[in-house]
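In what follows, a structure is listed as structure tokens, so that the remarks can point back to it.
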Amino acid sequence: MTNDPAITIADLRKSYGSQTVLDGIDIEVPAGTVFGLLGPNGAGKTTVVKILSTLVRADSGTVRVAGHDVVDAPDAVRAAIGVTGQFSAVDGLLTGTENLRLMADLHHLSRTGGRARARDLLEQFDLADAAGRPASSYSGGMRRRLDLAMTLVGDPRVIFLDEPTTGLDPRSRRDLWSAVRSLVDGGVTVFLTTQYLEEADHLADDIAVLDHGRLVAHGTPAQLKARAPGGHVEIRFADHADLATAGAALPAAVPDPDALTLQVPTDGFPALRALLDRLDAAGTRPEALTTHTPDLDDVFLALTGRPATSDTRSDTQKVTTS
């Protein structure tokens, strides 16, 4: 890992006709870290990746990747990066080994070096037992791991993962997360775009939230969570009489008569203790109590005014199992 940032973006702008896709983006990614770019569909995440990987030219701004300007030295940038897009690059007619050897040929590795690299990556991504099978027989999780392994054949210093786990089941998603963290432990820099709030929280050292082409927040997961409104406590009661008594004692609470619950804003244990004391003084006892601390769902709502529903999560899409 060096002291120089792996990626530097300054005042990046891109429009298609009258539609502004990126409106002055500034990002710096330290080497050997995971940077998460979070946002809904259409926010501009994929456009950022295309510009960083030299596939699309920006209208204005400065972008440097692995120490090279994407406009002045695109070949040097391409030699230093790997890209795993939203859609798999795996050839289903080839075996796992053949897919990797094909990538080795494209990277001009020697025959011996290419075979060794393919063998090592199959082991690293737990695909050795399936190496001789056509990739079309792989599960969705296996194909995604092979896709990532193919990205690594050229030993890139910077990897772009554009929505890497969309459509995967939770187990396959977590397997891929583990693989990504292992890469970072080895000094690789990962630039991740995702709609999954949990994914960004789990993987990223730093996160930027992109909305309508602008960065609306940037910081560590903990820093972003601190910007969301405080947590709350959900209290459930045995009957409507207890619910009414508690509601009178806690005027700031939001009642749900159907669920027999109150939702009460709170900011930590002292406030929770005071809340319970007030309920005790009112002569009512909760049947159940659940605490909720701010997460990235709360952050997104606070920053954009929209909940993290179908446009920021892909969980409702068809998933493929591991």
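Quick note: the sequence shown, position 104, residue 104 per UniProt numbering, numbers continuous.
Even glycine gets a Cβ: it sits at the ideal position worked out from N, Cα and C.
Taking the Cα positions, threonine 20 is about 7 Å away from glycine 213.
The beta-carbon separation of leucine 203 and glycine 36, rounded to 6 Å, stays under the 8 Å limit for a contact.
When the five nearest sequence neighbours on each side are left out, the beta carbons in the same chain lying within less than 6 Å of the beta carbon of threonine 84 are those of Asp147, Leu148, Thr151, Leu161 and Pro164, in order along the chain. Phenylalanine 87 counts as exposed, since fewer than 16 other C-beta atoms from the protein chains shown sit within 10 angstroms of its C-beta. One alpha carbon belongs to serine 53, the other to aspartate 129, and they sit about 33 Å apart. Within the same chain, and ignoring the five residues on either side of leucine 243 in sequence, the residues whose Cβ sits closer than 6 Å to its Cβ are Phe237 and Leu260. Relative to leucine 22, the option among Leu215, Ser110 and Pro40 whose CA is nearest is Leu215. In the structure shown, alanine 118 falls within a helical segment according to DSSP collapsed to helix, strand and coil. Taken through DSSP and simplified to helix, strand or coil, leucine 127 comes out as coil. When secondary structure is reduced to three states using DSSP, valine 153 falls in the coil class, being assigned neither helix nor strand. Looking only at Phe300, Ala302 and Leu272, the smallest Cα-Cα distance to leucine 289 is reached by Leu272. In the DSSP assignment, no residue is bridged to leucine 260. In this structure asparagine 99 is buried. Its beta-carbon is surrounded by 16 or more other beta-carbon atoms within 10 angstroms. DSSP links isoleucine 159 through a beta bridge to Gly82 and Val190. In the same chain as proline 286, and ignoring 5 residues on each side of it, the C-beta atoms closer than 7 Å to its own belong to Ile235, Arg236, Phe237 and Leu279, in chain order.
Straight through space, the alpha carbons of leucine 12 and threonine 95 are spaced by roughly 40 Å. For the set Val158, Arg157, Met142 and Gly187, the Cα lying nearest the Cα of leucine 168 is the one of Met142. Taking a contact as a CB-CB distance under 8 Å, the pair valine 49 and alanine 66 does not count as one, their CB atoms being some 15 Å apart. Here the alpha carbons of alanine 228 and alanine 249 stand approximately 26 Å from one another. A contact between stretches requires three or more CB pairs, one per stretch, nearer than 8 Å, and the segment 191 to 211 meets this requirement with the segment 292 to 303. Aspartate 297 sits in a helix when the DSSP states are folded into three classes.
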